[in-house]
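Residues are numbered in the numbering used here as their position in the sequence shown, beginning at 1, plus a constant of 117. Beta carbons: idealized from backbone N, C-alpha and C, even for Gly. Quantities reported herein were computed from a predicted structural model and do not represent experimental measurements.
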Amino acid sequence: MSVPFYILGLLRRFGPRHGYQIDKILVEQVADFARIKLPNVYYHLDRMAAGGDLDAAREKNSSRPEKTVFSINKQGEERYLRELAAHLSFAYRPCFDYDALFYFADSVDREALRNALARLVHEMEAALAAIETHESHAQAGLPKESRPWATLLFDHHRAHYRAEAEWAQRSLDNMPGMDGTERRMK
118 MSVPFYILGL LRRFGPRHGY QIDKILVEQV ADFARIKLPN VYYHLDRMAA
168 GGDLDAAREK NSSRPEKTVF SINKQGEERY LRELAAHLSF AYRPCFDYDA
218 LFYFADSVDR EALRNALARL VHEMEAALAA IETHESHAQA GLPKESRPWA
268 TLLFDHHRAH YRAEAEWAQR SLDNMPGMDG TERRMK
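See the structure below:
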């Protein structure tokens, strides 16, 4: 999903916000499944406002610096709904860059590959632990009617991290030996 899609969805759900507030929501609510950096958010906010998807108003609040507050407008709402509908295809075609290592395994140092797989297992287990600790915090910031849907989202990511950790561990357990012997995958 695109950065503008998330911005439109957040503004639709939470109402007008300035860039820092949008970034905070992204960190607290979306960081487990989307990697969006603050400078990228500001870039897209400016482009979306210039393109007519967002309205932008300057606000001055007491002694703080003036901020631009963005809100979704009719054109942005239509774009959001079009992108939302486009994602209903659930097109699933994973691509893992490290699969190339196995295709060209005859060129890869086996010990380095074992170490990389062990790191992957560790990273997937750490990601699972992070989801477990973050889910309740993320859920608390959502409207009550959105929480069951967020549970499905977290379950989806748990399933992928578990599957990847299990695959990496099986690969470690069944890699051809350092002596060149082959083992059959379980």
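Item                                                                                                                                                 : Value
Less than 9 angstroms separating the beta-carbons of Ala148 and Leu162?                                                                              : no
Would you tell me roughly how many angstroms separate the C-alpha atoms of Arg210 and Glu281, rounded to the nearest one?                            : 15 angstroms
Got a sec? Which residues, its chain only, sit under 6 angstroms from Gln286 by beta carbon, not counting five neighbours each side?                 : Val238
Among residues of its own chain, excluding the 5 on either side of Lys184, which ones have a beta-carbon nearer than 6 angstroms to its beta-carbon? : His135, Glu176
Around the C-beta of Leu128, are 16 or more other C-beta atoms found within 10 angstroms, so that it is buried, or is it exposed?                    : buried
Hey, Asn190 and Asp170: beta-carbon distance below 9 angstroms or not?                                                                               : yes
On the three-state DSSP scale, how would you describe Met292?                                                                                        : coil
Specify the secondary structure class of His131 as computed by DSSP and reduced to three states.                                                     : The amino acid occupying residue 131 in the given sequence is Phe; His does not appear at that position. Residue state, collapsed to three classes: helix.
Which two residues bound the contiguous alpha helix (DSSP H) that contains Val238?                                                                   : 227-257
Quick one: Cα of Arg264 to Cα of Ala202, how far?                                                                                                    : 21 angstroms
Between Tyr278 and Leu234, is the Cβ-Cβ spacing less than 9 angstroms?                                                                               : no
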